[in-house]
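Chains as they are written, first to last, in the numbering used here: chain A, 1 to 365; chain B, 1001 to 1163; chain C, 2001 to 2101. Before any comments, here is the structure.
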Amino acid sequence: MADVAIAAAKSLFIVLLVLQVMGLGVFFERKVSALIQDRIGANRAAILGFAGMGLVNTLVADPVKFLLKEDVVPAGSDRLLHFLAPILSVVPVLVTFAVVPFGDVLELGGRTINLQAASLNVGILYVLAFVSLGVYGVVLAGWASNNRWSLLGGIRGSAQMISYEIAMGLALIGVVMTYDTLDLQGMARAQGALIGGWLPAWGIFYQPIAFLIFMTAGIAESKRIPFDLPESESELVAGYFTEYSGPKHLLFMMSDFVEVVLVAALVTTFFFGGWQVPYLLRDGFHFPWGTTIALPSIAVAVLQVTAFALKLIFFTWLQIVIRWTLPRFRYDQLMRLGWQGLLPLSLANVVVTALVVVLVAGPTA
Amino acid sequence: MTPLAFLVLAVLTVVSAATVVVHKNPVHSACALVVTLFLLSIFFVGLDAELVAVLQVIVYAGAIVVLFLFVIMLLNLQRDVRATGGPGLVTAAAACGVALTVVIATALRRAGAPATPTVPPGFGETAAVARELFTTYLVPFELTSILLLVAIVGAVALAKRQA
Amino acid sequence: MPTPLGWYLGLSAVIFTIGVLGVLVRRNVIIIFMAIELMLNAVNLTFVALARSLGSLDGQVIVFFVMTVAAAEAAVGLAIILAMFRNRETTNADELATLKW
C-alpha cells in the first residue's frame, strides 16, 4: 500500500516538474524570441496591474484564451480521429517521463526511495518506444482534417519523425556501451565517478559526437526550427494542425513544448550527469582537494533535484535560442541530413566506441 | 499477471482484433491494429518478456503500422464499397474459423506443457536475450540482416516510379 | 494465482482465427495484410507464453526473428500493392486476381 502511494507521489512529482518547466519554456519562447528580435514581447495582459514581464500574458491569458475558443471540426472530416489525434500526440510524450530519474535516493522513514517513477530494466528502449508512438498524432491529425495541405504536412512530419528516430536510437547505442546499462538511473549514477580524480565523468566527455547527433535528432523529432517544415508557420499556415482550434490546438502546442522538455531531460541524463552535482555524494560534498562537507540525506536530495531542474531549464532555453536563430531546412535537405548525414555518423560512432571499449576495458564474455 | 487483469485485457484484445477485420474504413482498421499490438505488448510484459514487449511497440506498433497508414493515405483509400466476398463466403469462413479454433485448442490441450512457476532472475531482460542472440543464434541473426537489406532493395525497386 | 498457460494459448488461438477469417473474407488487400500481421502476432504470443512456461529464452529469440521477418515482408508487400495500384487503380482482391489479357 505504501509502495503504491510512493510510486504515485513520484509520478505526480515528475509530471508536475515537467509541466512547470514546460510553462517556463512557453514563457521563454515569448520573451527570448522578443529579446533576440530586439523588441519587448507580449506584456499587456495584467492582473490588478501586475504584468510580470509577460508572465501573466503567457501563463494565464494564453491558456484561458485557448480553452474558451470554439472547437471547430471541419466538415467531412473523420470525427473520431480528429478527436484522438491531439491526445495521441500528448500522451506518449508525457508517459516517457516515467523513466527519467530526477534524483538519487531519498531516505525517508527507514525506506530508501529511488527517485525515478518507474525503474525499468529496458529504460532507453521504453523512451524510444513511446517516441515512436508519437508519430500517430501527427499522421492522424493530417488525415483527419480533410484538408490536402494538412495531409501534406502530416505525411512530411511523420516521415521526418521516423527518419530521425533512427539516428536518435543509434546515437544512444554508444551511450549504452559506455555505461553498460539501459536503465537511465544507472547511467545517471555512473556519471558520479571522477576522471583523473577531478573531472566529473559526464557523458559529454565520453561521447561528444553522440551528444551532437542526439541533440540534432531530438530537435528534428519535436519538429522545431530548423526542422519545422511540417508546421512551417509562414508557408503551410500550421501544417498538420491547421484545422484544430481551441483546446485541441492547445494540446498540440503542449505536446511541442513537452517534447522540448523531454529532449532536454534526455540530454541531461545521458550527457550531463542528470541530477549529479559535481563532487556531491550521498552523504555530502567530497571535493578533490580534500574538503568534505557532510549533509543530511534530505538536503542532498533537494540539491540533486534542483540541479536536475536547472539543467532542464538550461537545455529548454538552449533549444528555444536555436529555434529563433537558425533558418528552416528545405525538406530534401532535411531528409538528406537525416539519412545521409546523421545515420552514417552515428554508425561510425558505434564502431569507434566499440573499439575503444574493447581496447580499454578488454573483451568481456 | 492476475487472472482478472488477463481477462479484461484479453476481451479488449479480441474486440480490437475483430475491429481490424470487420471495420470498413481502412484507417480505422489500422488504428485498431495499433491498439491490438499495444495490448499484446502488455501481455508480453506480464510474461516476463520485457525486451520483446518494448521491441513489439518500437517495431510493430511504431514502424510497421505507420507504413500501413502511409500506404493507405497515399492511395487515398476510403470506406470499402464491397468489403466482403458475399454472405456465402462469410458463413463458410465462419464455420472454418470455429473448426480451426477447436482444432488448435484441442491440440494445445493434448500437448500440455510443464509449467515452471519461477524463472531465473534476469529472465527476458536485454542482457539475457542478447547473450542468446549473439551466441546460439548468431548465424540466423546475420542472415536476418541480409534479409532486411534484400527487403529494402526490393521495396525501393518495386515502388519506384518508372521514369 | 498466476494465469494458467492454457488461457494464453487460448487467446492466441482466438486471435489467430480472427486473422484467418480476415484473410478469407475481406477483399481489400491492405486489410488482408493487416490480418496476416494479426496471425503473426498471435504466434508471437504463443512463443512468449511457452518460453515463460518452459523457462527457456529460445521462444523470445524466435519472436525477435519473427518480428524482423514480418517487417521485411510488410515492406515488400506494401511496395507490391503500390505497384499494382499504379497499374490497376484498385485494391480489391477480386479485381486484382486476373492477369492482363
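Don't be surprised by glycine CBs; every beta carbon is placed ideally from N, CA and C.
Going along the chain, which residues of its own chain have a beta-carbon closer than 7 Å to the beta-carbon of residue 107 of chain A, five neighbours each way excluded? As a position in the first sequence, residue 107 of chain A is number 107, starting the count at 1. For residue 107 of chain A, where only same-chain residues beyond five positions count, the Cβ hits under 7 Å are 297.
Scan the stretch 122-134 of chain A for residues whose Cβ lies nearer than 7 Å to a Cβ of chain B and list them as they occur along the chain. Of all residues in the stretch 122-134 of chain A, only 122, 125, 126, 128, 129, 132, 133 come within less than 7 Å of chain B when Cβ atoms are compared, listed by chain position.
Would you kindly check if the distance between the Cβ of residue 264 of chain A and the Cβ of residue 217 of chain A is under 7 Å? Counting from one through the first sequence, the residue named residue 217 of chain A turns up at place 217. Counting from one through the first sequence, the residue named residue 264 of chain A turns up at place 264. No, these two residues do not count as a Cβ contact at 7 Å.
How would you call residue 300 of chain A, buried or exposed, if buried means at least 16 neighbouring beta carbons within 10 angstroms? The residue labelled residue 300 of chain A in the question sits at position 300 within the first sequence. Buried, since its Cβ has 16 or more Cβ neighbours within 10 Å.
I'd like to know if the stretch 334-348 of chain A and the stretch 240-252 of chain A are in contact, where contact means that at least 3 CB-CB pairs between them fall below 8 Å. Because the criterion of three Cβ pairs below 8 Å is not met, the stretch 334-348 of chain A and the stretch 240-252 of chain A do not touch.
By the DSSP assignment, the alpha helix (DSSP H) with residue 105 of chain A in it spans what residues? Indexing the first sequence from 1 puts residue 105 of chain A at position 105. Taken as a continuous stretch (DSSP letters only), residue 105 of chain A belongs to no alpha helix (DSSP H), being part of the beta strand (DSSP E) at 101-108.
7 Å Cβ cutoff, residue 1016 of chain B in contact with chain C: Position 16 of the second sequence, counting from 1, holds the residue named residue 1016 of chain B. Not closer than 7 Å to any Cβ of chain C, the Cβ of residue 1016 of chain B fails to qualify, so no.
Are three or more beta carbon pairs between the stretch 97-106 of chain A and the stretch 272-283 of chain A nearer than 8 Å? Contact between the stretch 97-106 of chain A and the stretch 272-283 of chain A is present, because at least three Cβ pairs lie under 8 Å.
Opposite residue 112 of chain A in the DSSP bridges: which residues? As a working note, residue 112 of chain A is residue 112 in the first sequence. Paired residue(s): A/107.
Residue-level contact to chain A via CB, residue 1132 of chain B, 7 Å cutoff: Counting from one through the second sequence, the residue named residue 1132 of chain B turns up at place 132. Chain A contact via Cβ: absent.
Is there a Cβ from chain A that is less than 7 Å from the Cβ of residue 1050 of chain B? Counting from 1 along the second sequence, the entry for residue 1050 of chain B is found at position 50. At least one C-beta of chain A is nearer than 7 Å to the C-beta of residue 1050 of chain B.
Cα-Cα separation, residue 1100 of chain B to residue 2011 of chain C: Here residue 1100 of chain B refers to the residue found at position 100 of the second sequence. Here residue 2011 of chain C refers to the residue found at position 11 of the third sequence. Between residue 1100 of chain B and residue 2011 of chain C, the alpha-carbon positions lie close to 13 Å from each other.
Using a 10 Å radius around the Cβ and a threshold of 16 neighbouring Cβ atoms, would you call residue 358 of chain A buried or exposed? On the first sequence, residue 358 of chain A is found 358 positions in, with the first residue counted as 1. It is exposed - the Cβ of residue 358 of chain A has fewer than 16 other Cβ atoms within 10 Å.
Assigned secondary structure, residue 247 of chain A (DSSP; H/G/I helix, E/B strand, else coil): As a working note, residue 247 of chain A is residue 247 in the first sequence. For residue 247 of chain A, the secondary structure class from DSSP, reduced to helix, strand or coil, is helix.
CB-CB under 7 Å to residue 2050 of chain C, same chain, minus the five flanking residues each way: which ones, in chain order? Locating residue 2050 of chain C in the third sequence gives position 50, where the first residue counts as 1. Cβ neighbours of residue 2050 of chain C beyond the five flanking positions: 2059.
7 Å Cβ cutoff, residue 182 of chain A in contact with chain B: The sequence position of residue 182 of chain A within the first sequence is 182, counting from 1. Yes, contact with chain B.
I'd like to check one pair, residue 88 of chain A with residue 136 of chain A: are the Cβ atoms closer than 7 Å? Counted from its first residue, the first sequence places residue 136 of chain A at position 136. Counted from its first residue, the first sequence places residue 88 of chain A at position 88. If you check the CB distance, residue 136 of chain A and residue 88 of chain A come in under 7 Å.
Beta-carbon proximity list for residue 185 of chain A, same chain, < 6 Å, skipping 5 on both sides: As a first step, residue 185 of chain A is located in the first sequence; it is residue number 185 there, counting from the start. Closer than 6 Å at Cβ, skipping near neighbours: 101, 116.
For residue 140 of chain A and residue 131 of chain A, what's the separation of their Cα atoms in angstroms? For this step, residue 140 of chain A is matched to residue 140 along the first sequence. For this step, residue 131 of chain A is matched to residue 131 along the first sequence. When the Cα atoms are used, residue 140 of chain A and residue 131 of chain A turn out to be separated by approximately 16 Å.
Can you look up residue 265 of chain A in the DSSP assignment and give me helix, strand or coil? For this step, residue 265 of chain A is matched to residue 265 along the first sequence. In this structure, residue 265 of chain A counts as helix in the three-state DSSP scheme.
Take residue 2056 of chain C as the anchor and find which of B/1142, B/1090, B/1089, B/1122 has the nearest alpha-carbon. Here residue 2056 of chain C refers to the residue found at position 56 when the third sequence is read from its first residue. For the options B/1142, B/1090, B/1089, B/1122, the alpha carbon positioned closest to that of residue 2056 of chain C is the one of B/1122.
Given a threshold of 16 other Cβ atoms within 10 Å of its Cβ, counted over all protein chains shown, does residue 1064 of chain B qualify as buried or as exposed? The count along the second sequence starts at 1 and reaches residue 1064 of chain B at position 64. Classification for residue 1064 of chain B: buried.
How would you list, in chain order, the residues of chain B whose beta-carbon sits under 8 Å from the beta-carbon of residue 139 of chain A? Translated into the one-based positions of the first sequence, residue 139 of chain A becomes position 139. Ordered by position in chain B, the residues that pass the 8 Å Cβ test against residue 139 of chain A are 1066, 1069, 1070, 1073.
Measure how close the beta-carbons of residue 1024 of chain B and residue 1083 of chain B come, nearest whole angstrom, since I'm counting them as under 8 Å. Reading the second sequence from its first residue, position 24 is the one you call residue 1024 of chain B. Reading the second sequence from its first residue, position 83 is the one you call residue 1083 of chain B. At roughly 5 Å, the Cβ-Cβ gap stays under 8 Å, so residue 1024 of chain B and residue 1083 of chain B are in contact.
From the DSSP output, which residues share a beta bridge with residue 334 of chain A? On the first sequence, position 334 is the one that residue 334 of chain A refers to. Beta-bridge analysis with DSSP links residue 334 of chain A to no other residue.
Can you tell me which of the three DSSP states residue 281 of chain A falls into? Residue mapping note: residue 281 of chain A aligns to position 281 of the first sequence, counting from 1. Note: residue 281 of chain A maps to strand in three-state DSSP.
If I follow the unbroken beta strand (DSSP E) through residue 294 of chain A, where does it start and stop? What you label residue 294 of chain A is simply residue 294 of the first sequence in a count that begins at 1. It spans 292-294 - the beta strand (DSSP E) in which residue 294 of chain A sits, taken as one unbroken run.
Proximal residues of chain C, C-beta to C-beta of residue 1087 of chain B below 7 Å: Taking the second sequence and counting its residues from 1, one reaches residue 1087 of chain B at position 87. Correct list: empty, because the minimum Cβ distance to chain C is about 10 Å.
Note the first and the last residue of the continuous alpha helix (DSSP H) segment covering residue 30 of chain A. Here residue 30 of chain A refers to the residue found at position 30 when the first sequence is read from its first residue. Here the alpha helix (DSSP H) through residue 30 of chain A covers 2-36.
Taking the CB atoms as reference points, tell me whether residue 129 of chain A and residue 85 of chain A lie closer together than 7 Å. The count along the first sequence starts at 1 and reaches residue 129 of chain A at position 129. The count along the first sequence starts at 1 and reaches residue 85 of chain A at position 85. Not closer than 7 Å, so no.
Determine, using beta carbons only, whether residue 191 of chain A and residue 198 of chain A come nearer to each other than 7 Å. In the first sequence, residue 191 of chain A corresponds to position 191, counting from 1. In the first sequence, residue 198 of chain A corresponds to position 198, counting from 1. At a Cβ-Cβ threshold of 7 Å, residue 191 of chain A and residue 198 of chain A do not count as neighbours.
Report yes or no: do three or more beta-carbon pairs, one from the stretch 1038-1051 of chain B and one from the stretch 1088-1100 of chain B, lie closer than 8 Å? With fewer than three CB-CB distances shorter than 8 Å, the stretch 1038-1051 of chain B does not count as touching the stretch 1088-1100 of chain B.
Which residues mark the beginning and the end of the alpha helix (DSSP H) in which residue 319 of chain A is found? Within the first sequence, the letter at position 319 stands for residue 319 of chain A. Its alpha helix (DSSP H) spans residues 297-325.
Out of A/147, A/123, A/20, A/119, which has the shortest C-alpha to C-alpha gap to residue 75 of chain A? By one-based count along the first sequence, residue 75 of chain A stands at place 75. Comparing Cα-Cα distances from residue 75 of chain A to each of A/147, A/123, A/20, A/119, the minimum goes to A/147.
Quick one: using the 10 Å Cβ neighbour count with 16 as the cut-off for buried, is residue 1036 of chain B buried or exposed? If you number the second sequence from 1, residue 1036 of chain B lands on position 36. Looking at its Cβ environment, which holds 16 or more other Cβ atoms inside 10 Å, residue 1036 of chain B is buried.
Inter-residue Cα distance where the pair is residue 2077 of chain C and residue 213 of chain A: To locate residue 2077 of chain C, count along the third sequence from 1; it is residue 77. To locate residue 213 of chain A, count along the first sequence from 1; it is residue 213. Each residue's Cα considered, the two are about 33 Å apart.
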